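Numbers 1 to 722, taken from full-length UniProt numbering, label the letters of the sequence shown in order. Note that beta-carbon positions come from the ideal geometry of N, C-alpha and C, so glycine has one too. None of these values were measured; they are calculated from a predicted model.
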Amino acid sequence: MANNAYQKFYRQFTKKVLDKIVSPQVLGDTQALENTLKEQDAKQLPICYVIQDNSTSNKVLIDNETEKRSLHSAFSALRLKEHQEDDSFLVLEASTHNASAYYPDKLIRLVEYLLKHKEEDILFVPVTILWGRAPENEDSWYKALMADAWTKPTGIKQALNITLYGRENYIEFHQAISLRTLINSALEVAPNFAPAHYVVKQLNQSFNQYKEAILGPDLSDRRNVINKLLTSDVIKEAVLTESIHKKISLQDAEALAKKYLDEIVSDFSYSTLRFAEIALTKLWTQLYDGIQVHNFEVVRELAKDYEIVYTPCHRSHIDYLLLSYVIYKRGLMVPHIAAGINLNMPVVGQLMRGAGAYFIRRSFSGNALYTAVFKEYVHSLLSRNTPLEYFIEGGRSRTGLLLPAKKGMLAMTIQSHLRGNSKPIAFIPTYFGYEKLIEGSSYIKELGGQKKQSESLFGLLKSMQKIEKVFGMVHVNFGEPVFLKPILDKNQVPQHVGLEEDLPSSVKIAVNEVADKILENINKAAVINPVNLIATILLNAPTHALAERDVLLRLEQFRNLLKYHVYDERMQITALSNHEIIQYAIKLKQVEFIEHDNERWLKVCNQQEALLKYFSNNILHTLILPALIAHILTAQSEPHIEKISKDELFNAALQQYPELQKMYFLKWQADEISVEIKHILDYFVTEKLIQIDDQTIFIHQADDTLRLLKAFAHLYTVNSTH
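Structure (structure tokens):
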């Protein structure tokens with residue numbers, strides 16, 4: 001009794017302390033779980049919260065969150081019909097009171113009870129709680145040295161966690177699990193073992209999956225990774241082959257393999273992530289008005305069950321930093337990034353390695369040993385369920401249009417999976433939407449014909465010192481995932497393909513299909529920002545200038561079209577008003593007002609045409625099909641030809657569409673286009689640009705109508721020859 005009174009007093013004291021210094025962040029959408037728990041609690045089904053390690057402070061925080069959500073209290077008794085436990089926690093740590101026990105005493109009691117009482121059940125709710133993993137406003141470099149990892153914190157470490165990370169603690173409640181279901185599975189799958197053995201194993205595996213999604217796999221130090229890779233059969237075989245072909249000793253060939261690994265392998269460090277988070281938060285605050293993230297919750301859900309491979313477009317050097325930052329801030333493990341060898345510079349290269357970058361040469365051609373070493377390293381990452389990231393286009397686009405896919409990394413990923421990885425793969429196409437580029441001045445020079453400068457992060461940082469730091473907003477939109485398995489099944493790819501084998505044709509077809517789908521899904525996740533719209537309108541006007549009233553009219557028409565003929569449900573359109581869009585572009589010094597014919601006009605600022613063309617190209621794919629239809633219609637709008645048959649228009653569009661689809665990675669297949677054309681024509685009818693009478697389309701000849709149709713058509717005319 002005295003012991004219980006002491007525990008209650010200690011909990012209450014801990015609660016008062018934590019209430020003052022700890023502000024937990026609950027990750028994910030808990031509403032569905034809350035509804036389930038309330039329903040089961042109402043049915044008097046016992047609820048038990050499962051944690052891996054015994055920590056009073058963690059228990060108190062979990063109990064606080066259950067109280068806030070009006071859920072079954074974690075410290076209240078767990079009541080069965082003929083049995084009761086003092087609280088509703090299950091700690092997976094084995095009992096400290098019974099040295100011979102392999103499993104928690106409470107679990108053994110609960111399992112034995114349910115084996116005797118077949119009609120009863122208990123609902124387990126696993127809960128992950130970590131400290132310092134996703135800090136919102138870290139302001140201390142020292143704090144970056146302390147954070148949750150895979151190791152169990154000592155009492156001193158937990159006290160430091162509370163002190164340093166009181167505002168940077170997060171909790172995640174996971175999907176509820178029936179203990180009865182676990183016991184039944186244990187009796188069926190492992191009848192020779194105690195059911196508690198199976199239950200603990202399954203729960204620990206689940207916790208490790210949750211933790212892996214957040215912290216990444218339990219990585220050993222870099223030296224051990226390299227040494228382990230050198231002992232792999234694949235690299236040993238490649239070393240032997242290199243020794244024979246180059247007529248060098250085995251030791252020299254192995255030294256060369258080790259040199260390659262030293263050049264490639266990351267040096268992942270949680271401390272480096274903390275340092276990077278602090279530095280990048282300050283950098284973003286200085287450069288941007290904010291970072292808007294869209295559709296991330298899908299990634300969070302997939303991370304528990306899938307090997308995640310992020311495949312973003314490549315617009316800026318900032319991409320390297322931005323995606324990892326966004327993922328890290330939302331509580332998932334940052335991916336290991338394939339970075340160009342040109343970025344492996346002193347200091348910068350080491351920092352990038354610490355944040356998960358591994359380095360890749362531009363070409364492997366003719367170097368069999370390097371190829372084998374690199375492929376084996378990628379395979380080791382995938383085998384440990386490490387999230388990966390690589391730019392599907394290879395290099396940065398200088399035009400703003402998506403580049404054709406570079407499929408080398410993609411093929412390696414798929415080949416590695418076919419060697420025998422357990423988790424299915426989900427590729428995450430990701431769209432970066434900038435409103436102004438840090439590399440803008442160098443892009444202008446390159447587009448003007450100057451020789452491309454070698455890429456350098458130092459050069460980027462140097463250029464940032466010279467330019468006014470007004471870069472607007474940045475948008476990161478996570479696109480529709482591309483799941484590998486259905487594509488492999490569709491193409492009848494063998495379940496296992498060895499590294500020594502040439503890729504079967506079915507695998508090559510699957511690689512091409514995945515690449516095309518990734519590019520299509522990046523485009524489906526486009527963000528239509530104010531600069532995209534202003535650029536599209538002004539660059540398609542004579543002399544790149546328009547009266548303000550015409551700009552406002554076309555903004556309204558273009559936005560209406562984008563909302564009526566929605567390219568994809570993941571696409572985002574700026575919420576600013578038309579007047580606000582103009583003021584926003586002026587603030588970014590991309591356009592300016594001038595007086596012309598006693599009227600206010602808007603024109604592109606000097607030397608901004610090339611960059612605005614870049615931003616117009618970012619969203620061109622969302623407008624190119626309506627532009628094609630407008631082009632076909634306006635080609636018929638001479639005074640003596642004011643109409644066109646539906647068949648003629650559809651045939652002309654269908655004839656030209658395949659080239660457009662290939663050029664702009666459009667989402668529609670040829671057999672889907674007729675429906676889209678009809679939808680676009682419906683919009684033109686709604687806007688009174690055309691009239692349809694049975695099988696004939698009449699083009700209205702009013703000046704304003706023709707001007708607007710030709711504005712749409714001009715998008716196709718000037719861009720169809722890219």
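| Check | Outcome |
| --- | --- |
| Terminal residues of the beta strand (DSSP E) in which VAL591 lies | 591-596 |
| Through-space distance from ALA405 to LEU230, alpha-carbon basis | 31 Å |
| With 16 other Cβ atoms within 10 Å as the buried cut-off, status of ALA670 | exposed |
| Environment of LYS375 [buried if 16+ CB atoms lie within 10 Å] | buried |
| Nonlocal neighbours in the same chain, by C-beta distance under 8 Å from ASN512, ignoring five residues either side | LYS407 |
| Buried versus exposed call for ARG274 [16 or more other C-beta atoms within 10 Å across all chains shown] | buried |
| DSSP-derived helix/strand/coil call for HIS245 | helix |
| Start-to-end residues for the beta strand (DSSP E) that takes in ILE308 | 307-312 |
| Where ARG79 sits in the DSSP three-state scheme | strand |
| Residues sharing a beta bridge with HIS294, DSSP | ASN477 |
| Paired residues, beta bridge with ASN169 - DSSP | PRO24 and TRP131 |
| From ALA702, GLU277, TYR370 and SER324, residue whose alpha carbon lies closest to that of LEU257 | With the sequence shown as reference, residue 257 is identified as Ala, and Leu is not the correct amino acid for it. Ranking the options by Cα distance to ALA257, first place goes to TYR370. |
| Buried versus exposed, by CB contacts within 10 Å (16 or more), THR696 | exposed |
| Top-ranked residue by Cα proximity to ALA575, from GLU556, LEU588 and LYS589 | GLU556 |
| Close-in-space but distant-in-sequence residues of the same chain around HIS700 (CB under 8 Å, 5 per side omitted) | LYS688, LEU689, ILE690, GLN691 and LEU706 |
| Sequence-distant residues of its chain with Cβ nearer than 8 Å to LEU61 (five each side left out) | LEU18, VAL22, PRO24, ILE129, ASN169 and ILE171 |
| Option nearest ILE235 by Cα separation, candidates PHE712, ALA652, VAL493 and LEU499 | LEU499 |
| Nearest to LEU410 (by Cα), restricted to the options ASP267, VAL309 and PRO530 | VAL309 |
| Beta-carbon proximity of THR543 to LYS603, cut-off 9 Å | yes |
| Distance CB(TYR198)-CB(ALA186) smaller than 9 Å | yes |
| Nearest-angstrom Cα separation, counted from ALA515 out to LYS589 | 37 Å |
| Beta carbon of PHE391 nearer than 9 Å to that of PRO312 | yes |
| THR622 versus ASP568: straight-line alpha-carbon distance, rounded | 9 Å |
| Endpoints, beta strand (DSSP E) assigned at THR430 | 425-434 |
| Exposure label - ILE337; buried when at least 16 CB within 10 Å | buried |
| Residue burial classification, ARG554 (beta-carbon count within 10 angstroms, cutoff 16) | buried |
| DSSP three-state assignment for SER397, whether helix, strand or coil | coil |
| Collapsed DSSP secondary structure at ARG554 in the structure displayed | helix |
| Secondary structure of SER271, DSSP reduced to three states | helix |
| Where the alpha helix (DSSP H) containing ILE581 begins and where it ends | 578-587 |
| Closer than 9 Å to chain D by CB, GLY440 | The structure shown has no chain D; it contains just one protein chain. |
| Test item: CB-CB of GLY356 and ILE428 under 9 Å | no |
| Residue 730, DSSP secondary structure in three states | The requested residue 730 is not part of the displayed model; the chain covers only 1 to 722. |
| Delimiting residues of the alpha helix (DSSP H) encompassing TYR49 | First-last for TYR49: 47-51, but that is the beta strand (DSSP E), not the alpha helix (DSSP H). |
| Whole-angstrom C-beta distance between LEU437 and LEU302, which should lie under 8 Å | Contact doesn't hold; Cβ gap of about 30 Å is too wide. |
| Element boundaries [alpha helix (DSSP H), containing residue 736] | The chain is shown only over 1 to 722; residue 736 falls outside these bounds and no answer can be derived. |
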